[in-house]
Every structure is written in structure tokens, then in C-alpha cells.
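Residue numbers (my numbering): 949 to 1108.
We put the CB at the ideal spot given by N, CA and C, even for glycine.
Model, not experiment: these values are computed from the prediction.
Working notes for the structure below.
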């Protein structure tokens, strides 16, 4: 596929994702967050590396998620920039102190709702797991403040 075709394909993917997030965000009472969700994906820091990086199937896992261990530095950097610009990602709420210890902060209500809307939207895609099996499969890798985890699991109906 040529460059224009890859850009159009990625543009359609982003718009479809934003639409699904908007629908889920409305259900969660945060329509504005759904509307502005992931605008940073249109920035030059994120757009070009993602178009180039996602054009091949080599980064996709069987569950539809991306394996960034196989990504080039530009794509990894674009992912890092995306996490830092978008507080609906749990990675935004983690910091490391000069002592080397990690601190996880509780995610504010509007952003945890947007995070859940994002997860629900992604689970609508045909090659992705439903949100609950995906969460259970990945929860040990998702670093959340206990308060945030309890909220998420309550919303998902997961009680352990």
C-alpha cells in the first residue's frame, strides 16, 4: 500500500475509534471527554510513526493488541508522547521518585471514565477481545492505584 493509502487507512481507524469512544463516553456521562479523546494522535509526533509502524501486521498479537517490543524507536516514542499527553491512560498516573520508588496516583473520575470508554471502544473492534476477558488477561500488567482498580472492577462487574 502506498503512503497516501496508509494515511487514509489509519485516519479511518482513528475516526472509527474516536466514534466508539464518544458513544461509550456518553453512556458514562462524559461526552466532552469522548469528543476530545485522542486528539494528540493527529499531531506530527504521533501521526507519522504510527502510520509507518502500524502498516505491517508484524506488530499485531493474536488478540489484536500491538507488541511494541518489535516496534522501532519512532513508534515507541510516539506511544510515550501519547501516554504523556493523555491522562486517560493509566501510564500517565505513574511517576518515579529520585529514590527509585514508583508512585501510583488515583486516576481522577473524568479520566478513569474516559479510560473505561477507551477500553470498551477498543473491544468493539472485530479482532479484539471483549473488555472483561481482555482486562482479566492484562490486569497484572496494568498498574493502578487500589482506589482506581476497585472503581474499574466494580464498573466491569468483576468481584474477586
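- Distance between residue 1023 and residue 1001 (C-alpha atoms, nearest Å): 6 angstroms
- Could you tell me whether the Cβ atoms of residue 1036 and residue 1059 are closer together than 7 angstroms? yes
- Message: For the pair the region 1056-1073 and the region 956-974, tell me if three or more CB-CB distances fall below 8 angstroms.
- Response: yes
- Query: If we ignore side chains and look at the alpha-carbon of each, how far apart do residue 955 and residue 970 end up?
  - Reply: 22 angstroms
- Is it the case that the Cβ atoms of residue 981 and residue 1062 are separated by a distance below 7 angstroms? yes
- Report all residues from its chain with a CB closer than 7 angstroms to the CB of residue 1103; omit the five preceding and five following residues, and keep chain order. 1064
- Query: Pick from 1027, 1068, 1041: whose alpha carbon is nearest that of residue 1094?
  - Reply: 1041
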